[in-house]
Every structure is written in structure tokens, then in C-alpha cells.
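Going from the sequence shown to the numbering used here is simple: count from 1 and add 1229.
Beta carbons: idealized from backbone N, C-alpha and C, even for Gly.
From a predicted model like this one, the values you see are computed outputs, not experimental measurements.
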Amino acid sequence: MELKKLTEHIWYMPFEEERDRPNLGYVKGNNWSLAIDAGHSEAHTREFYALLEEENLPLPTVTVLTHWHWDHTFGMHAVNGLCIANDKTNKYLTEWKEKIEKNGPDVFLAINDSVRKEYEGNREVIVKLADIVYSGEMVLDLGGVEVKILQSEAPHTNDSTLVYIKEDGVLFLGDSTCSEYPMGSKDKNLSEKLRDTIKSINPEICVEGHWTPVDTQDTLDDLMSGI
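Pasting the structure below:
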């Protein structure tokens, strides 16, 4: 696995299908740096950080979560700095934290093979809550790089956060464009609302959670396909 440079300020660790690992994004400003999503596990997060260190990039000061799903969040306890999540995402994480601490990890490990592969060797399952919880939107100035973080209605989950890096024209979408989990359907109304949000932001490049970065029209076509 290698760290890929996308634009002047943005790098990412590519997704992996076998363990259902999503893209992990990284944005470097003049004053501090930001990661998009925390990883599937501590091992995933550590591998990401090792790649950053190989490129002499500082570890992220803050990590933003795109939604609550484990492959994007269960590495939170291993991140450097603080984690930001919207209020709905933090609520889901609270529920899973209590469930696993009360009943053990079996309910989580039973979800699918990719989870069991990520946690093979009896790796500990740890769920952490966000350090900073927001509602609506917020803007971060990394030093010459403005990052807009905003909640958006979307077909995949009801807690989607989008991350837009203004100077680079790049929008990180997490899994927001995908079908609803776990039902597998894609709501037309929610898809149209997400489409309109993306169009209003008007990025040049979109980065989905489990796909290669593409131009915005490609993402919009995929979002609305089959509806």
C-alpha cells in the first residue's frame, strides 16, 4: 500500500476491498493538518500514519468522521489529536460503545467476513466517542487551506458528513452516495438532496469512501443511477 498525492494539499491512503477499508484522506495546511476518517481498526490507523511518516508529513492534528460505520471510525482510539463528528454520528458511536462493553465484541464480529479479517488474531475492539461534536456545519482554517465540514441528507445513512477542501476543489463524501445500509435500497428523495448539495458546493474532484477519486459528474451519475 502506498500514500497517493491527489492535489497540492491532499493525500490519501487507498481503499481495500478485502477488509472493507475505506480511503483515508489527509489535508496539510501551513499551521496544522487534518485527516478524513479514522480507520477500521488501530492496525489500519497505524498503517496510515506509517505512510505519512515515510513522506515526512506531520500526523493529523484533527480527524473528521464522515459517518458512524465501523470501517470509518473504530480506529479512533489510535488517532493523533482530536476527532470531530456530527451529533448523530456520536450518538451511534455511543450506542455501539455501550453494546460492545456490555455484551462483548461478538455482535460486531458477526457482521461480515471483512470485519473478522480486520480483527483476526483476537485484536481488541475499542469504540471511542468524538472529542468535538458539531451540528450543521463548521469551517476550519488549516493555514492557507480552508476546510468546510457539513452535515448532509444522503441515502446511505442519516448522519453523513461531507468534507470540502476549498483551495483544491476536492470533496470527500464518505459513503454518502451509496445505498442505505443494511437495506440495500437507495431513496430517490435523499439522493436528489445529496445531488443538489454536491452541485451547490461545485467541487472538481469527489472522493467516495470505497472508490478512486473521480470528477464530480462521474459521482453524480453514479449517485442517481438506477433511481
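Cα-Cα separation between residue i and residue j, rounded to whole angstroms
i: His1306; j: Val1354; result: 10 angstroms
i: Lys1320; j: Thr1295; result: 14 angstroms
i: Ala1359; j: Glu1330; result: 17 angstroms
i: Leu1288; j: Gly1372; result: 16 angstroms
i: Gly1403; j: Asn1332; result: 29 angstroms
i: Thr1318; j: Asn1285; result: 32 angstroms
i: Tyr1348; j: Ser1270; result: 8 angstroms
i: Phe1303; j: Asp1450; result: 31 angstroms
i: Thr1441; j: Leu1400; result: 13 angstroms
i: Asp1444; j: Cys1435; result: 6 angstroms
i: Glu1433; j: Ala1264; result: 20 angstroms
i: Thr1406; j: Ile1427; result: 10 angstroms
i: Lys1326; j: Val1293; result: 19 angstroms
i: His1385; j: Ser1420; result: 9 angstroms
i: Pro1251; j: His1273; result: 10 angstroms
Where residue i sits in the DSSP three-state scheme
i: Ala1272; result: helix
i: Arg1352; result: coil
Residue(s) in a DSSP beta bridge with residue i
i: Ile1378; result: Met1367 and Val1392
i: Lys1257; result: Ser1262
i: Val1336; result: Bridge partners of Val1336: none, in fact.
i: Asp1444; result: Ile1434
N-terminal and C-terminal residue of the beta strand (DSSP E) that residue i is part of
i: Ile1456; result: Careful: Ile1456 lies outside any beta strand (DSSP E) and carries neither H nor E.
i: Ser1262; result: Ser1262 to Ile1265
i: Phe1244; result: Phe1244 -> no beta strand (DSSP E), and no H or E assigned at all.
i: Leu1400; result: Val1399 to Gly1403
i: Thr1292; result: Val1291 to Val1293
Any non-hydrogen atom of the ligand ZN within 7 angstroms of residue i CB
i: Glu1347; result: For the structure depicted, the ligand ZN is absent and the ligand set is empty, with no information on it obtainable.
Span of the alpha helix (DSSP H) around residue i
i: Thr1426; result: Lys1417 to Ile1430
i: Glu1437; result: Counting along the chain, Glu1437 falls outside any alpha helix (DSSP H), though it belongs to the beta strand (DSSP E) covering Ile1434 to Glu1437.
i: Lys1357; result: Run containing Lys1357: none; DSSP gives neither H nor E here.
i: Ser1343; result: Asp1342 to Glu1347
Residue i at chain B interface by Cβ criterion, 8 angstroms
i: Asn1252; result: In the structure shown, chain B does not exist; there is a single protein chain.
Residue ranges of each beta strand (DSSP E) run of no fewer than 3 residues wholly in the segment 1298 to 1331, ordered along the chain?
1311 to 1315
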